[in-house]
Amino acid sequence: MQRSVLTWSGSDITLHFALAGDQPVSLLSVRPDGTGAPVPSAGLDGAPLVEVLALGHGRFPGSHRYADTMIGARLRHTGHTMSRPAGSTGPELRIVQTDPVSGLVVTSVFQAADGVPAVRTWSELTVESERTIRLQAVTSLVTGAFVTDAGRPLEELELVHGDSDRGAGGRWHRTPLREAGLVARDPAPPQHAPRSRFALTSRSSWSTGEHLPTGAVLSRDGSWAVSWQIEHNGAWHWELGERKQGAYLALLGPTDTEHQWSEAVSAGRGFTTVPVSLAVCRGGADEAFGALTRQRRALRAGRSRSLPVIFTHCVNTIPGDPTTAELLPLIDAAAEAGADYFCVDAGWYDEDGRWWDSLGEWQPSESRFPGGLAEILERIRDRGMVPGVGLEPEVVGVRSALADRLPDEAFFQRDGVRVVEHGRYHLDLRHPRARSHLNDVVDRLMSDFGVGYLKLDHPIMPGPGTDLNGAAPGAGLLGHNRAHLAWLDTLLSRCPDLLLENCAAGAMRMDYAMLSRLHLQAISSGRNPLLHAPAAAAAPASVLPEQAGNRSCPQPDMTAEEAAFTLATGILGRLHLSGPLDRVTPLQSTLVREAVTLHKRLRPFISGSLPFWPLGLTGTAGPWVATGLRSPEPPGDSWLTLWRGPGAPASLELPVPHLKGEDIVPEAVFPAGAADWDLKWDAAQGALRVSAPVGGSGAAARVIHLRHS
Numbered sequence: 012m013q014r015s016v017l018t019w020s021g022s023d024i025t026l027h028f029a030l031a032g033d034q035p036v037s038l039l040s041v042r043p044d045g046t047g048a049p050v051p052s053a054g055l056d057g058a059p060l061v062e063v064l065a066l067g068h069g070r071f072p073g074s075h076r077y078a079d080t081m082i083g084a085r086l087r088h089t090g091h092t093m094s095r096p097a098g099s100t101g102p103e104l105r106i107v108q109t110d111p112v113s114g115l116v117v118t119s120v121f122q123a124a125d126g127v128p129a130v131r132t133w134s135e136l137t138v139e140s141e142r143t144i145r146l147q148a149v150t151s152l153v154t155g156a157f158v159t160d161a162g163r164p165l166e167e168l169e170l171v172h173g174d175s176d177r178g179a180g181g182r183w184h185r186t187p188l189r190e191a192g193l194v195a196r197d198p199a200p201p202q203h204a205p206r207s208r209f210a211l212t213s214r215s216s217w218s219t220g221e222h223l224p225t226g227a228v229l230s231r232d233g234s235w236a237v238s239w240q241i242e243h244n245g246a247w248h249w250e251l252g253e254r255k256q257g258a259y260l261a262l263l264g265p266t267d268t269e270h271q272w273s274e275a276v277s278a279g280r281g282f283t284t285v286p287v288s289l290a291v292c293r294g295g296a297d298e299a300f301g302a303l304t305r306q307r308r309a310l311r312a313g314r315s316r317s318l319p320v321i322f323t324h325c326v327n328t329i330p331g332d333p334t335t336a337e338l339l340p341l342i343d344a345a346a347e348a349g350a351d352y353f354c355v356d357a358g359w360y361d362e363d364g365r366w367w368d369s370l371g372e373w374q375p376s377e378s379r380f381p382g383g384l385a386e387i388l389e390r391i392r393d394r395g396m397v398p399g400v401g402l403e404p405e406v407v408g409v410r411s412a413l414a415d416r417l418p419d420e421a422f423f424q425r426d427g428v429r430v431v432e433h434g435r436y437h438l439d440l441r442h443p444r445a446r447s448h449l450n451d452v453v454d455r456l457m458s459d460f461g462v463g464y465l466k467l468d469h470p471i472m473p474g475p476g477t478d479l480n481g482a483a484p485g486a487g488l489l490g491h492n493r494a495h496l497a498w499l500d501t502l503l504s505r506c507p508d509l510l511l512e513n514c515a516a517g518a519m520r521m522d523y524a525m526l527s528r529l530h531l532q533a534i535s536s537g538r539n540p541l542l543h544a545p546a547a548a549a550a551p552a553s554v555l556p557e558q559a560g561n562r563s564c565p566q567p568d569m570t571a572e573e574a575a576f577t578l579a580t581g582i583l584g585r586l587h588l589s590g591p592l593d594r595v596t597p598l599q600s601t602l603v604r605e606a607v608t609l610h611k612r613l614r615p616f617i618s619g620s621l622p623f624w625p626l627g628l629t630g631t632a633g634p635w636v637a638t639g640l641r642s643p644e645p646p647g648d649s650w651l652t653l654w655r656g657p658g659a660p661a662s663l664e665l666p667v668p669h670l671k672g673e674d675i676v677p678e679a680v681f682p683a684g685a686a687d688w689d690l691k692w693d694a695a696q697g698a699l700r701v702s703a704p705v706g707g708s709g710a711a712a713r714v715i716h717l718r719h720s
């Protein structure tokens, strides 16, 4: 059968697909423009572009993997279109394949944004016969191009992947593929097909509760990398595996095996997978996540906002029991420090001291605020700040009166029983009463109190989902996930000036389904500044720097160096203030104002920068932690935040390879006048040599400007 190569390009990326009448379409190559590499041969044995697991079809051979599916192997190319849709930021490709046995029609959609070396893609499925097909898993993308394009065998490729947890986010690892589960095999025939894989899975509604939906494959010599992210606010799965010829990367949303998901499709009822993004670059880990950074900004096109400094009292200040007496002096202190927004956080709705399982109506407490919540929010406005409140929109406490007023169908349920988790019911936003309730709450907060900021939290995980009307629980969860995103879209359209934070229990739902919409992400709810530093340093691998809400929480008992340590955490991201600013020392107060002033000066730079990690993104955080931001185009500025933990050696060397050969003057800009750290630039090596005296606890930090002389 005749085979050919389909070439499709965005302005900064080119994809090559193999088309053949006797094989499924495969994505052979994903390259940044300008590589000059030859077009791959149509005869290459690439992985099927889409894998579909369905009842009555299965795999051949059988395995745990999302590879070798019968439907995936039977798909045949029936057409494709290239266009540039009105209002889009780049071109679009649609590839249509049909399975002649089941009648399933699969359309793979690819979108590119101008100036970005990445694509966004998903699969759309329907049936062209009278059959109904019960799906058990569908990939958004499968490709083995990372082997072909790298020009390296698997033995020379490494995987970068991340783990996550509340207060300990962004723990990245770098593992050779052969040590990550892709076991080397005897190449001599006969042999069985490989069945090994490396797989990561999220569960329930915490998309980043255990692992990160983001990863990269790098060539060991640092010459080439591909990176990806799954853009879904619920359950997902990704895996790498080896095939008889080459390897594959599969990116999926929920599945039957991992998430109790299945979905029936027919001629009148289609299904669309969750979107994913794939980026490619010449370089290593810094460049790989830099390419994803560009893609994330493209996903947020048209949603840009100013980057205000926000004060929230919930971390290391007033944990969850705010009162008028506590808040009024804190409001004044936050205004003096330069905060733009002030959030009255958890507990503002409490009456009986047990708000955890009674919340849901979101009415202000009268006992906490004798003069009413309006008095507090008016004080915030009088001090030149925008008032905000904390909200947990998807939950209702089991003791809330609202729990009895809403119908059972407005909540997650299993076998006719409402799901209860940690004293809360979970709303199902597919139900109009659930959405109407939330719209009424937001409208009331804005109209009655002038609220301009909502800190959206999601501190429970409701299990596999809801089986209302006989649906698979995972399908119910996916339906809610999508209804939640639709509600956010409507809310942002109705209230364009409302600022929304994605707290999500301290970065437990830190994905770009949410973050393509919401304005900032709380990186961690951790209360130990020493532990927050590595989370803040790793954050730009998952979140845009201008969305990374890093807590800075000075305390009265801190030394000046310890206060600088926590304040430095927020300067090169989104400075998210907390701490009892009304009780800090005059020196600490000066440091706070200094940090806020520097952060505000750097906001335009931050919002266009790319991340880098002089000490590496992966591995166990050591006593020295470093992260940096650089201008995307040379010879722009570069900035570093450098944290020294207790027991750290007095000196270290920081490689900054993108400045190698440049004439650079390093300057510690925060804290101002901190001249005790000796900074020397080695242009030939492209390295910053740091010598820092050790005193007290040893905890200290500096924000360093690497400027061209």
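Residue numbers (this note's numbering): 12 to 720.
Glycine residues also receive a C-beta, built at the ideal position from the N, C-alpha and C atoms.
Starting from the C-beta of residue i, find all residues in its chain whose C-beta is less than 6 Å away, skip the five residues before and the five after it, and write them out in chain order.
i	result
Q599	P565 and A574
A425	The question names Ala, but residue 425 in the sequence shown is Arg. Result list for R425: D478, in chain order.
A357	C325, G331 and G401
V63	T80, I82, G83 and V149
R444	L417 and A421
D593	P340, L341 and A344
H530	R316, L510 and L511
In whole angstroms, what separates the C-alpha of residue i from that of residue j?
i	j	result
V595	M396	21 Å
G252	R206	8 Å
L640	A686	22 Å
R182	G383	43 Å
T631	M569	26 Å
L289	H91	20 Å
V554	A309	13 Å
Q11	G463	What is shown of the chain runs 12 to 720, which leaves residue 11 out entirely.
E274	N492	15 Å
N561	G584	7 Å
S134	T284	5 Å
L651	T501	38 Å
H469	R520	8 Å
V714	R505	39 Å
Going by C-alpha distance, which of the options is nearest residue i?
i	options	result
D160	E169, S207 and V237	V237
V406	V431, G383 and L384	V431
D363	S504, P682 and S378	S378
V120	G584, L60, E139 and P164	L60
G474	G485, L467, W650 and P668	G485
W225	S277, D468, V194 and G301	Sequence check: residue 225 is Thr here, not Trp. Answer by Cα proximity: G301.
L526	E166, L413 and R316	R316
D56	G257, E389, A679 and S113	G257
L318	S662, R14, T629 and G619	G619
A65	I144, L136 and L104	I144
D415	P567, E347 and Y436	Y436
A191	G173, E169 and L465	E169
Could you check what DSSP says for residue i in three-state terms: helix, strand or coil?
i	result
S37	strand
K691	strand
E62	coil
L511	strand
M519	coil
H203	coil
L168	strand
H610	helix
W272	coil
E432	strand
I24	strand
G487	helix
G658	coil
S213	coil
Throw me the rounded Cβ distance for the residue i and residue j pair, which I believe falls under 8 Å.
i	j	result
W635	R655	6 Å
G571	L541	Looking at the sequence shown, residue 571 is not Gly but Ala. 16 Å between Cβ atoms; not a contact.
A698	P666	5 Å
D368	V409	5 Å
I617	G180	Wrong, their Cβ atoms sit about 19 Å apart, outside the cutoff.
Take residue i and list the residues in its own chain whose beta-carbon comes closer than 8 Å to its own, dropping the five residues that flank it on each side.
i	result
A804	Because the chain in this structure spans residues 12 to 720, residue 804 falls outside the shown range and cannot be described.
G69	T80 and M81
Residues in its own chain within less than 7 Å of residue i by CB, not counting five upstream and five downstream?
i	result
V607	V320, A348, G349 and L586
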